[in-house]
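Number of protein chains: 2
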Amino acid sequence: MHTYEAQVEWTREKQGAIKGPNKADISMATPPEFGGPEKGFWSPEELFVGSIAGCILSTFLFFVEKSSIGLVSYQSTATGRLDKTSEGLRFQHLGVDLRITVKTDKDREKVERLKSSLEKYCPVSAAQKQPVHLELNVETTN
Amino acid sequence: MHTYEAQVEWTREKQGAIKGPNKADISMATPPEFGGPEKGFWSPEELFVGSIAGCILSTFLFFVEKSSIGLVSYQSTATGRLDKTSEGLRFQHLGVDLRITVKTDKDREKVERLKSSLEKYCPVSAAQKQPVHLELNVETTN
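So the protein lines, in turn, are chains A and B. Residues 1142 to 1283, numbered by our numbering, are exactly what the first sequence covers, in order. Residues 1142 to 1283, numbered by our numbering, are exactly what the second sequence covers, in order.
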C-alpha cells in the first residue's frame, strides 16, 4: 500500500498553487474558457491529462529496465476532450500519443509488444471510467 | 467541446518533464518506492491527486462567484491510496479534505450546501471509477 498526497491552496481570483514536500510549487488556474487567466498557468484539466501521460512514461520506464530496451528518446502528447453531457461537462475521450526512438529493430519489437502492459499497469489510466487510448509510434536509429 | 493537452518527455533515468505552451515545465519522476529518485520530483500519482484537488478548487471558485460567497482562505489536501489487487496496483481510495474560511455564517451555510455540486461539476473527479470522497471543514472569521 502506498499513499500519495498533494496540497492545493487558493491564492487569488481564479488561481491556486499545488504544493508538496521538497517539490517546486505548481501555479494553477481555472482555464480561460471558464473565466481563468489567459496564459501562464496549468489548468487542472491539463495536469490531469499530464498525470496520465506521466504514469504511462513511468510504467514504460519500468519495462525498459526489465526488458533491457535501448531507449534513445521518448515524447508523448496527452489529450482529453471535455464535452457537455446531460450530467454536466465530462471527459469523453482520453488519449496518449507516444513517439519513441530505440536503438535496434529488436528493441522496437519489444516496445510494440508493450502496449497492453502499459494499459494494464499504469494505475492512473486504469482508474479512469473512459478507456485511455494509446497510440504507439516507434522508430529506430539504425 | 474543449480539448486539453500536455506533453510528457523522458529526460534521463526514471525522470521526465511535463510541458505546455506558456507554462513552467514540471519535473516528474517515478516515485522512490518504484525505483525513482528520493526527493524533489512530482510523481504522476501525486500530480493525479493534485489535479483532482485543483479541479475541485476551480469548481468551488465558480460557485464562490456565482453565489457571492465571502471567501477568506481555502486549503485542501488530496490523497490517493494505491493497493495491490489481482489486476495490479489500483487506486482504492481517493479523497480531498477542504479547510475553508469564509466571512459570515451565511457564507458558511452556502459552502456547506455546495458539496454535492462540487462532486457533480468537477469533471476530473467525475471521470474516476472510484468515488472521490470530499470532507468539508468550514470556519468563519466572525
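Using N, Cα and C, we set each Cβ at its ideal position, and we do this for glycine too.
Contact annotation, Ala1170 of chain B with Gly1177 of chain B: C-beta distance approximately 4 Å; criterion of less than 8 Å satisfied. Shown in chain order are the members of the region 1223-1250 of chain A whose Cβ falls below 7 Å from a Cβ of chain B: Leu1223, Asp1224, Gly1229, Leu1230, Arg1231, Phe1232. Within the DSSP bridge table, the entry for Thr1282 of chain A names no partner. Taking a Cβ-Cβ threshold of 7 Å, the residues of chain B close to Asn1163 of chain A are Lys1180, Gly1181, in chain order. Across the structure, Glu1276 of chain A and Lys1207 of chain A are spaced so that their CA atoms are roughly 22 Å apart. For Val1190 of chain A, the C-beta contacts it makes with chain B under 8 Å involve Tyr1145, Glu1146, Ala1147, in order along the chain.
Among the bridge pairs identified by DSSP, Asp1238 of chain A is matched with A:Thr1218, A:Glu1276. Within chain A, the C-beta atoms nearer than 8 Å to that of Lys1155 of chain B come from Ser1199, Leu1202, in chain order. Relative to the Cα of Thr1281 of chain A, the nearest Cα in the group A:Leu1255, A:Arg1240, A:Arg1254 belongs to A:Arg1240. Following the DSSP letters along the chain, one finds Ser1258 of chain A inside the alpha helix (DSSP H) bounded by residues 1256-1262. Within chain B, no C-beta atom comes nearer than 7 Å to that of Glu1276 of chain A; the closest sits roughly 14 Å away. Counting only Cβ-Cβ distances below 7 Å, Ser1184 of chain B has contacts in chain A at Tyr1145, in chain order. Annotation: the continuous beta strand (DSSP E) that includes Thr1144 of chain B extends over 1143-1153.
Within the region 1253-1278 of chain B, Lys1261, Tyr1262, Pro1264, Val1265, Ala1267, Ala1268, Gln1269, Lys1270, Gln1271 place their CB atoms closer than 7 Å to a CB of chain A, listed in sequence order.
For Ile1210 of chain B, there are no neighbours in chain A by C-beta distance under 7 Å, as the nearest C-beta there is about 12 Å away. With a minimum length of 3 residues, the unbroken runs of beta strand (DSSP E) contained wholly in the region 1167-1211 of chain A fall at 1167-1170. Around the beta carbon of Arg1249 of chain A, a 10 Å sphere encloses 16 or more other beta carbons of the protein chains shown; the residue is thus reported as buried. Proximity of the region 1261-1276 of chain A to the region 1144-1158 of chain B falls short of the contact definition, fewer than three beta-carbon pairs being nearer than 8 Å. Under the three-state reduction of DSSP, Ala1158 of chain B is assigned to strand. In this structure, DSSP gives Lys1247 of chain B a helical state, which the three-state scheme calls helix.
For Glu1206 of chain B, at least one C-beta of chain A is nearer than 9 Å to its own C-beta. Our two residues, Lys1244 of chain A and Leu1202 of chain A, have alpha carbons roughly 15 Å apart in a direct line. Against chain B, the beta carbon of Thr1171 of chain A has neighbours under 7 Å at Ser1199, Leu1202, listed in chain order.
Inclusion of Leu1223 of chain A and Met1142 of chain B in the CB contact set at 9 Å is warranted, their separation being smaller than that value.
Ser1266 of chain B and Val1213 of chain A have their C-alpha atoms spaced approximately 35 Å apart. Remark: C-beta atoms of Ala1147 of chain B and Thr1218 of chain A approach each other more closely than 9 Å. Only residues of its own chain outside the window of five on either side were considered, and among them Ala1267 have a CB closer than 8 Å to the CB of Lys1261 of chain A, listed in chain order.
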